[in-house]
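First up is the structure itself, then whatever we jot down about it.
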Amino acid sequence: MDLSVYLVTDSTPAILGDRDLCEVVRDAIQGGVTVVQYRDKHSDTGVLIETAKKLHEITRKYNVPLIINDRVDVAIAVGAEGVHLGQDDMNISLAKKLLPANTYIGATVCSNQEALRAVQDGADYLGIGTVFATPTKTDTKSIIGTSGTREILAFLSTMPTKVGTVAIGGINLSNVQRVIYQSQAPLKSLDGAAIVSAIMAAENPREAAASFSSLVKKMPAFATIPIPPRDNEVTMLLDEVPDLLCTVATKRPLCHNMINYVVANFAANVAIAM
1 MDLSVYLVTD STPAILGDRD LCEVVRDAIQ GGVTVVQYRD KHSDTGVLIE TAKKLHEITR
61 KYNVPLIIND RVDVAIAVGA EGVHLGQDDM NISLAKKLLP ANTYIGATVC SNQEALRAVQ
121 DGADYLGIGT VFATPTKTDT KSIIGTSGTR EILAFLSTMP TKVGTVAIGG INLSNVQRVI
181 YQSQAPLKSL DGAAIVSAIM AAENPREAAA SFSSLVKKMP AFATIPIPPR DNEVTMLLDE
241 VPDLLCTVAT KRPLCHNMIN YVVANFAANV AIAM
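In terms of full-length UniProt numbering, the sequence shown is residues 1 to 274.
So, in structure tokens, the structure goes:
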């Protein structure tokens with residue numbers, strides 16, 4: 001499952017306004033959304049099933065998985081490709097017993113302990129967050145930021161079972177690359193970003209989704225290019241330093257030392273020696 005641009009719907013008037021949910025979702029998929037999670041905490045079961053069926057007709061047309069938030073019964077009723085469970089929802093082990101085989105199960109986690117439990121119970125992917133505060137989800141237990149996300153990713157990299165991951169919470173076009181880049185652990189990175197209002201409330205959901213699709217797939221302009229470590233790097237560096245100093249002394253370039261008070265004398269002596 002491609003988690004790169006993971007849309008979470010919001011049908012509240014403050015976000016959706018007077019627009020049609022299905023039309024917004026269709027436009028977003030055409031722009032590049034790769035997964036749709038239908039989330040509605042307020043409607044009754046009949047409305048949820050009716051709306052989910054309409055959404056499923058759209059997502060199947062574009063071969064995009066439909067994930068149902070919380071409601072395993074609704075997912076079964078409409079034949080959705082998956083469910084997403086929060087910490088206060090049905091536990092994953094029970095959900096797996098009720099759902100058809102090969103149904104995706106996602107879980108929201110905000111700590112290593114929650115991530116461990118979700119993976120051990122059989123989650124296929126994790127929604128990590130809340131990364132930043134957001135008006136669309138006010139019952140957040142904690143805001144973990146990119147550092148907390150990175151800590152969870154580092155923990156997941158040590159586990160034998162591999163799961164997909166998306167960051168969720170306050171992610172928009174101005175910060176999505178920073179979230180993905182700054183959350184990287186040495187051996188594991190995010191597979192995508194979960195977006196709510198930045199697409200659902202956008203004036204043009206298709207263009208917003210296309211922008212997200214572009215941003216999550218390319219290296220941000222501010223990123224440094226990773227250089228893999230070399231064998232015996234310390235030894236090689238020590239061997240290269242004399243040659244570098246000789247080159248500087250021969251070419252006599254302008255040297256600009258940016259220092260602090262602690263190393264001022266040392267840096268001055270090095271400059272004089274060159």
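Note that CB positions come from ideal geometry on N, CA and C, so glycine has one too.
C-beta contact flag for residue i and residue j at 8 Å
i           : j    : result
T51         : I29  : no
D124        : G106 : yes
S197        : I15  : yes
G79         : A210 : no
V72         : V35  : no
A154        : V131 : no
L3          : D191 : yes
P205        : D27  : yes
residue 275 : N257 : In the structure displayed, the chain extends from 1 to 274; residue 275 sits before or after that span and is not available.
T9          : Q37  : yes
V83         : L99  : yes
K53         : C22  : no
residue 275 : G122 : Residue 275 lies beyond the range of the chain shown here (1 to 274); nothing can be said about it.
residue 280 : V5   : Residue 280 lies beyond the stretch modelled for the chain, which goes from 1 to 274, so this question has no answer here.
Buried versus exposed, by CB contacts within 10 Å (16 or more), residue i
i    : result
N260 : exposed
H56  : buried
E81  : buried
T103 : buried
G46  : exposed
G164 : buried
A264 : exposed
A101 : exposed
L156 : buried
Residue closest to residue i, alpha-carbon to alpha-carbon, out of the options
i    : options                : result
L85  : S142, E114, V25, K61   : E114
N69  : L7, C255, A273, F212   : L7
P186 : T103, I152, F266, S93  : I152
L66  : S111, A95, G17, M1     : M1
V62  : V25, K97, D44          : Going by the sequence as given, residue 62 is Tyr instead of Val. It is V25 whose Cα lies nearest to the Cα of Y62.
T161 : Q87, K188, R178        : K188
P220 : A273, E240, S174, K97  : S174
Q182 : L156, C246, S147, G122 : S147
L116 : A95, A101, Q87         : Q87
Same chain, Cβ closer than 6 Å to residue i, five either side skipped, listed in chain order
i    : result
T134 : G169, G170
R39  : V8, T9, N69
N172 : A198
S142 : C110
Same chain, Cβ closer than 7 Å to residue i, five either side skipped, listed in chain order
i    : result
A118 : I92, A107, V109, L126
V176 : A193, F212, L215, V216
A267 : N257, I259
K96  : I105, G122
C-alpha gap between residue i and residue j, whole angstroms
i    : j    : result
L48  : V74  : 7 Å
F222 : N112 : 29 Å
Q120 : M159 : 10 Å
T247 : A201 : 58 Å
G17  : R178 : 29 Å
R252 : L245 : 10 Å
V234 : N269 : 23 Å
E240 : N232 : 12 Å
K41  : T224 : 42 Å
Cβ shell of residue i (< 8 Å), same chain only, five flanking positions each side left out
i    : result
Q184 : R150, L153, L190
L238 : none
S43  : S11, T51
E207 : G31
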